[in-house]
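Before any comments, here is the structure.
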């Protein structure tokens, strides 16, 4: 098993993908640019990524910045609960960006019953 990430776009996240995880990590923000989403240069969009994203190989892509279904700690708690049910053997962690106020967010994540909180950046 390995760490499987669930990012804002949920691209490639399937039941099989989750079942292979030792840990499922919910990525709350892009490391260097929280809240802006990320850009994937065209040369990095290979056939596999193009298939997952329903696009054409070689076309630059933008990842959506926010999770479309997380507006509160209760929403995050629901996602954690759902992921734990989808893959009962896996621990669920939440990855946050080190920034001012991250402690308050981490407190909410802990209330959402994440097994681990990862603060990066």
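Residue numbers (my numbering): 198 to 318.
We treat Cβ as the ideally placed atom computed from N, Cα and C, and that holds for glycine.
Asked: CB contact flag (residue 270, residue 309, <7 Å); Found: yes
Asked: Residue range of the unbroken beta strand (DSSP E) whose run includes residue 316; Found: 313-317
Asked: Own chain partners of residue 293 with C-beta closer than 8 Å, once the 5 adjacent residues on each side are dropped; Found: 225, 226, 299, 302, 303, 306, 314, 315, 316, 317
Asked: Coarse secondary structure for residue 216, derived from DSSP in three states; Found: helix
Asked: Span of the alpha helix (DSSP H) around residue 368; Found: Given that the chain is displayed from residue 198 to residue 318, the structure contains no residue 368 and the question cannot be resolved.
Asked: Residue nearest to residue 206 in terms of C-alpha spacing, selected from 286, 251, 256; Found: 251
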